[in-house]
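Read in order, the letters of the sequence shown correspond to residues -25 to -1, 1 to 953 in mature numbering (1 follows the signal peptide of the UniProt record, and there is no 0). C-beta: ideal position from N, C-alpha, C; glycine also. Working notes for the structure below.
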Amino acid sequence: MLMRRPAIAAAASFLLLMIAADGQAATPPPPAAIGNYCEPRERDALLAFKEGVTDDPAGLLASWRRGGGQLQDDCCQWRGVRCSNLTGHVVKLRLRNDHAGTALAGEIGQSLISLEHLRYLDLSMNNLAGSTGHVPEFLGSFRSLRYLNLSGIVFSGMVPPQLGNLSNLRYLDLSGIRLSGMVSFLYINDGSWLAHLSNLQYLNLDGVNLSTVVDWPHVLNMIPSLKIVSLSSCSLQSANQSLPELSFKELEKLDLSNNDFNHPAESSWIWNLTSLKYLNLSSTSLYGDIPQALGNMLSLQVLDFSFDDHKDSMGMSVSKNGNMGTMKANLKNLCNLEVLDLDCRLEYGNITDIFQSLPQCSPSKLKEVHLAGNSLTGMLPNWIGRLTSLVTLDLFNNSITGQVPSEIGMLTNLRNLYLHFNNMNGTITEKHFAHLMSLKSIHLCYNHLNIVMDPQWLPPFKLEKAYFASITMGPSFPRWLQSQVDIVALAMNDAGINDTFPDWFSTTFSKAKLLEFPGNQISGGLPTNMENMSLEKLYLKSNQIAGLIPRMPRNLTILDLSNNSLSGPLPLNIGSPKLAELNLLSNRITGNVPQSICELQNLHGLDLSNNLLHGEFPQCSGMSMMSFFRLSNNSFSGNFPSFLQGWTELSFLDLSWNKFSGNLPTWIGNFSKLEILRLKHNMFSGNIPASITKLGNLSHLDLASNSISGPLPQYLANLTGMVPKQYYTNEHEERLSGCDYKSLVTMKGLELEYDEENVTVVTIDLSSNLLTGVIPEDITYLHRLINLNLSSNYLSGKIPYSIRDMQSLESLDLSKNMLYGEIPQSLSDLSSLSFLNLSYNNLMGRIPLGTQLGTLYDQNHHLYDGNDGLCGPPLPKSCYKSDASEQGHLMRSKQGFDIGPFSIGVAMGFMVGLWIVFYALLFMKTWRVAYFCLLDMVYDEVCVIAVFGWARLTGRTDARLLMSQVAWSSIDSDESYE
């Protein structure tokens, strides 16, 4: 926000008064004014303090030394030291660090206690926390001290209550939050010692934990001299304590932002502080309506009651806190109000009603109105031109309708106009800008507006930032822009421009850092003389730009020329050594990639996909910062690029639809940040490296349509990017604004395009390869997997029963393999499944019942084709027992017998039993005799049966038969005598 806190002038005025009060004492004494210079004892104390400083990058204490003559021995002449004109005692020590990288390091030595007359001590923004990290307790001994600033020093632990002894203190700053990003770890358990600072006028404890100081308002109420209080980010719990009588009636500034009060705003005592000029309650979780008591704060100059959390790409707040209310307060009498910030604070409201509640004083002092993100409806009032002092009008991200009133052109002081992301319509003409001579920044994008200007019109302003995305400004390139030579950022996305670049483009926009013209129909070649521009970011995607790529601006970091008609070879020297993102997707660029591209050592993203490039990519091993690399849909050849081994920052790698060959390297598992790996439609062969399971961030794996063989790798469960997170983590690495994260995914039987910039499609596609073996069980641990495509391989075995655990699965294609066995019943438990293909395998048995599978069959009647052993609904083939033999025959003919554990057990049992019998016959005589006698008897019986049977067949007489019986009897009789 450009003029966010003008009332900080109150603090600045107070500091000027403090400095003026110390002016005489702080002036270095002329040599003839007094008989002697600084006290030796105090000089020694300062030198001892210097010994405790271990690093002084800026040489701040270089003048602190003795032995260089009388002048150098005089500590009153040392940098940062001031002495009293009357006594020569050191009264001021200012060693504040105002620049990055120049902070003093070390500790605050106790020797300073010798500076008994010290009135001013500023050691802020240094690294002087020392080994203990605590605020020194001896600082409470400086009885004369009026100014103490230790802000920005990363202290920790409890603030020593001894500071309560500084009864003369006017200024105390222990804040820990600064622009450097440093945060204090200080805390105060009992704030009663603050009440002893009866002369205190300025108190800043930003970032100090005060969560246990429940009675903090009562403590402040005991210091009536307070004028400025800043307690931002102090973990305060509430601001609705009962204060029957307010003592600090001189309070002018109060900052309680970024605390979690979480109670109705109307119940707070804050609204009784009618002397306030500055009030900051942003992000305090105060909820409910904005109270009417606000209308009684007649001295108020700045009110920040916003909820400012997230920013959009243009730095504008877009978040809501969920603790909103309505605008009940009437601000008509707040004639001193200059800044009103209610961003993301109102639940709803009418923009006209809110403007009617603003100060109606004449002349109006209101300079800033921030009402972004409040779901406001209605139309802007025509009398908006009365707010003659208005500098910033921010109505971003509401639902305001109607036309932009032409009276807005009367706001001669307006510098910033933010109307983007509303539902406004109509035409904007010269009248809307007639008197806006101060206008510097205008955001009109994403409304339904047309800008129509006379070609000869000359604007009264010099814009610096202009965002006109989705605003119709064509078909010709607006000529009035030729006068905007101070443009730093210009966005005209989808502006209906159907023209070529004007010849004044490079000169008019020579100061521009950002230019955006995507989604138009700009034709012809790129502008000439671009190398002399100050451009850092250039977005020209999705136009009709043709011709060669000229030499680009030297400071360019992002260049997006994707989806155009550029032709010819890549330039040998693009002229932008700082280039970080280069996107040439979908053009007609031909030839080889020049070796000079390797000189772009700062490249983070390179997209050359969908062009006519060929040959091998140069060996660019030095581009180690690359995180996005896409060469898809060209004719690149050679092995998997070996120079990629050093690109450990890669998160997106796409080499698909080329002519790469050879094996995948084992070091592919070293890409620890890799999220998307697409190598489909090449000629890669060999096995999938086992190291691929080390890619813990991988969420998109596509190796389809190669000649990769062997089994699927084990330990797929190590792909934790496809496993639900047990704790909060960033979904992906930060995306690059100049790169296109759209990916084609073979899913649900179709080639679908997904934009993975914000949402990653968790997918594995290994289809159309030569893979063998079984589907490993641990693939079912990948519970985030949405698409699994293993079709057109030679996989065998059964479908894992635990596939039921993959509850996120939406598309499953196992077709054209050699899978056998039954379809697991658990497959019907996949409630998210919307596509299934099991065709052309050797599956058998009854198809599982379930509504889910029935619905899938209704969508695709071919999902079971080519599995002759399947039966039951929804197929016409029934599942009777008589079919079992046929199914067994089918199994034997197609796959052979399945030698399972039961068959092995039967065979082992038979062998063991047989050996037991042999053992008994070999070593036990009685068993052996009985066994052979049994054989003889069986033999006799068989012979008799055979004789009688033969007799019947040949018709032998009874006599003959009797003779045969006698013969057999005689044999038996003879054997009985033996």
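Please report how far the alpha carbon of residue i lies from the alpha carbon of residue j, in whole angstroms.
{"i": "Lys669", "j": "Ser584", "result": "27 Å"}
{"i": "Val56", "j": "Val65", "result": "7 Å"}
{"i": "Leu547", "j": "Gly696", "result": "39 Å"}
{"i": "Lys307", "j": "Lys202", "result": "26 Å"}
{"i": "Leu649", "j": "Leu619", "result": "12 Å"}
{"i": "Gly661", "j": "Leu687", "result": "12 Å"}
{"i": "Phe635", "j": "Lys723", "result": "27 Å"}
{"i": "Gly81", "j": "Val28", "result": "4 Å"}
{"i": "Leu802", "j": "Ile683", "result": "28 Å"}
{"i": "Leu278", "j": "Glu322", "result": "18 Å"}
{"i": "residue 1041", "j": "Gly360", "result": "In the structure as shown, the chain starts at -25 and stops at 953, and residue 1041 therefore has no counterpart that could be examined."}
{"i": "Pro5", "j": "Gly42", "result": "Residue confidence is low: Pro5 scores 41 on pLDDT, short of 50, so the model does not pin down where it sits. Its coordinate-derived value is still stated next. The straight-line gap from Cα to Cα measures roughly 20 Å."}
{"i": "Ile761", "j": "Leu787", "result": "9 Å"}
{"i": "Asn744", "j": "Ser680", "result": "6 Å"}
{"i": "His285", "j": "Asn372", "result": "Confidence at His285 is low in this model, with a pLDDT of 45, below 50, so the placement of that residue is unreliable and no value is reported for it."}
{"i": "Ala150", "j": "Ala555", "result": "It is Ser, not Ala, that sits at residue 150 in the sequence shown. Distance between the alpha carbons of Ser150 and Ala555 is about 38 Å."}
{"i": "Asn196", "j": "Lys224", "result": "9 Å"}
{"i": "Ser167", "j": "Glu241", "result": "27 Å"}
{"i": "Met291", "j": "Leu309", "result": "Here the model assigns Met291 a pLDDT of 46, short of 50, so the residue's position is not dependable, and the following value carries that caveat. Approximately 27 Å, taken between the alpha carbons."}
{"i": "Phe603", "j": "Gln137", "result": "57 Å"}
Quick one: residues in its chain with C-beta nearer than 7 Å to the C-beta of residue i, no 5 flanking neighbours on either side, listed in chain order?
{"i": "Pro502", "result": "Phe476, Phe480, Ser481"}
{"i": "Asn247", "result": "Leu221"}
{"i": "Ser38", "result": "Trp53, Arg54"}
{"i": "Cys573", "result": "Pro593, Cys595, Gly597, Met598"}
{"i": "Lys303", "result": "Asp264, Ile265, Pro266, Gln267"}
{"i": "Glu439", "result": "Lys415, Ser416, Asp461, Ile462, Val463"}
{"i": "Arg759", "result": "Met697, Val698, Pro699, Val737, Ser783"}
Going by C-alpha to C-alpha distance, which of the options sits closest to residue i?
{"i": "Tyr776", "options": "Asp30, Val749, Asn140, Leu275", "result": "Val749"}
{"i": "Leu365", "options": "Leu414, Leu456, Ala692", "result": "Leu414"}
{"i": "Ser485", "options": "Gly500, Leu531, Leu120, Asn164", "result": "Leu531"}
{"i": "Ile462", "options": "Ser38, Met508, Trp432", "result": "Met508"}
{"i": "Glu313", "options": "Leu628, His92, Leu254, Thr259", "result": "Leu254"}
{"i": "Asn495", "options": "Cys310, Phe659, Asn539", "result": "Asn539"}
{"i": "Val427", "options": "Tyr442, Tyr421, Phe452, Leu438", "result": "Phe452"}
{"i": "Phe627", "options": "Leu581, Leu351, Tyr162", "result": "Leu581"}
{"i": "Ser561", "options": "Ser517, Leu760, Leu79", "result": "Ser517"}
{"i": "Asn558", "options": "Phe130, Gln570, Pro569, His579", "result": "His579"}
{"i": "Pro338", "options": "Thr363, Ser332, Thr352", "result": "Thr363"}
{"i": "Leu770", "options": "Asn817, Ile798, Val887, His109", "result": "Asn817"}
{"i": "Glu14", "options": "Asp73, Phe282, Glu91, Gln85", "result": "Glu91"}
{"i": "Asp780", "options": "Glu752, Gly644, Leu765", "result": "Glu752"}
{"i": "Ile128", "options": "Leu98, Ser612, Pro430", "result": "Leu98"}
{"i": "Ile822", "options": "Tyr832, Gly847, His837, Leu813", "result": "Gly847"}
{"i": "Tyr393", "options": "Leu757, Leu370, Ile403, Ile375", "result": "Leu370"}
{"i": "Asn473", "options": "Gln431, Glu491, Ile520", "result": "Ile520"}
{"i": "Arg118", "options": "Met133, Gly132, Tyr95", "result": "Tyr95"}
Going along the chain, which residues of its own chain have a beta-carbon closer than 6 Å to the beta-carbon of residue i, five neighbours each way excluded?
{"i": "Leu630", "result": "Leu606, Leu654"}
{"i": "Ile739", "result": "Leu676, Leu763"}
{"i": "Thr77", "result": "Pro32, Ala33"}
{"i": "Phe330", "result": "Pro356"}
{"i": "Phe492", "result": "Met467, Leu515"}
For residue i, collect the residues of the same chain with a Cβ closer than 8 Å to its Cβ; drop the 5 residues on either side in sequence, then sort them by chain order.
{"i": "Phe436", "result": "Phe408, Leu411, Met412, Ser413, Leu414, Lys415"}
{"i": "Gly522", "result": "Gly499, Gly500, Leu501, Leu541, Ser542, Gly543"}
{"i": "Lys488", "result": "Val463, Ala464, Ser509, Leu510, Glu511, Lys512"}
{"i": "Glu26", "result": "Gly84"}
{"i": "Leu103", "result": "Val28, Leu79, Ala80, Gly81, Glu82, Ile83, Ile128"}
{"i": "Phe236", "result": "Leu211, Gln212, Ser213, Ala214, Asn215, Ser243, Thr259, Ser260, Leu261"}
Looking at chain D, is there any beta carbon in it that lies within less than 8 Å of the beta carbon of residue i?
{"i": "Leu727", "result": "No chain D is part of this structure, which consists of one protein chain only."}
Segments of 3+ residues assigned as beta strand (DSSP E) that fall wholly inside the stretch 394 to 438: 400 to 403, 416 to 418, 423 to 426
Beta strand (DSSP E) runs contained entirely in the stretch 781 to 824, provided each spans 3 or more residues: 786 to 788, 810 to 812, 817 to 821
Contact the stretch 347 to 358 vs the stretch 317 to 332: 3+ CB pairs below 8 Å: yes
Sequence ranges, beta strand (DSSP E) only - wholly within the stretch 565 to 614, length at least 3: 580 to 582, 587 to 590, 603 to 605, 610 to 614
Segments of 4+ residues assigned as alpha helix (DSSP H) that fall wholly inside the stretch 160 to 228: 191 to 196
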